[in-house]
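The opening position of the sequence shown corresponds to residue 1100 in the numbering used here, with each subsequent residue numbered one higher. A virtual CB, placed ideally from N, CA and C, is assigned to each residue, including glycine. Model, not experiment: these values are computed from the prediction. Have a look at the structure below, then the notes.
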Amino acid sequence: MIRPDKDIVLTGWIAGEGTRILAEKYEEELKNKLPRSIINRVKNVECLEGSERLKDILGEDCLLYEAGEGGIFAGLWNMAETLDTGVVAELSCLRLRQETIEVCEFFDINPYMLCTKGTFLIVAENGNHVVRLLAENGYEAEVIGYTHSGADRVVLNDGETRFLESRIKDELEKFI
């Protein structure tokens, strides 16, 4: 069982899957605003398929949770709900590609609430060790926060605190 006061590690980049879906569905509209190179990068985003490889690398001492629908904010909430813990995450550590920002600005949507399938949250005793292990195996990851024994589930940004909500709708729902 995972106890509070553990590190949270994020694999990959957030909102990649949602951005890819939007770029495929609205490619013509995006061509009028964004360079072809950005659209191509977005359409070719690779999402990590399944967690079996990560489990093999990390062993049983870590909990893996796919962020998925509703984006990273929903992923953090759902993970904390599953663990019955509070969560503190640092917004600046949530890995976001520039092309995702461009597409989200075009559609006026929040990338932190956009489908992030293929991105995993990992709860571990030593997040830096997990990041090193993943890097040795070709994965990008970063420690983004920690769990705690309280009930608050928050994201910090330059001294401001945003409380996460339990019912976060995926921004894709506006378009599909």
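> Taking the DSSP output, what are the residues bridged to Phe1278?
Replying inline: Nothing in the structure corresponds to residue 1278, since the chain is present only between 1100 and 1275.
> If you run the structure through DSSP and keep just helix, strand and coil, what is Ala1122?
Replying inline: Helix at Ala1122.
> How is Asp1160 classed by DSSP in three states: helix, strand or coil?
Replying inline: Looking at Asp1160 - three-state DSSP - the assignment turns out to be helix.
>> Could you check whether Phe1219 and Thr1118 sit closer than 8 Å to each other, using their CB atoms as the reference points?
In response: The answer is no: Cβ separation not under 8 Å.
> Which class does Phe1205 belong to by DSSP, given the choice of helix, strand or coil?
Replying inline: Helix, per DSSP.
> Is the number of C-beta pairs between the region 1246 to 1258 and the region 1181 to 1198 that are closer than 8 Å three or more?
Replying inline: Contact between the region 1246 to 1258 and the region 1181 to 1198 is established, with three or more Cβ pairs separated by less than 8 Å.
>> Please report the distance separating the alpha-carbon of Leu1133 from that of Glu1201.
In response: Rounded to whole angstroms, the gap between the alpha carbons of Leu1133 and Glu1201 is 8 Å.
>> Suppose the cutoff is 6 Å on Cβ atoms and the five residues either side in sequence are ignored; what does the same chain contact list for Trp1050 look like?
In response: Limits of the chain in this structure are 1100 at one end and 1275 at the other, which puts residue 1050 out of reach.
> Phe1172: buried (16+ other C-beta within 10 angstroms of its C-beta) or exposed?
Replying inline: Around the beta carbon of Phe1172, 16 or more other beta carbons lie within 10 angstroms, which makes this residue buried.
> What is the DSSP secondary structure of Ala1089, reduced to helix, strand or coil?
Replying inline: Here the chain covers residues 1100 to 1275 and nothing more, so residue 1089 does not appear.
> What are the boundary residues of the alpha helix (DSSP H) that Leu1232 is part of?
Replying inline: Segment 1226 to 1235, the alpha helix (DSSP H) holding Leu1232.
> Looking at C-alpha atoms only, which residue of Asp1104, Gly1249, Leu1121 is the closest neighbour of Thr1215?
Replying inline: Out of Asp1104, Gly1249, Leu1121, Leu1121 has the C-alpha closest to the C-alpha of Thr1215.
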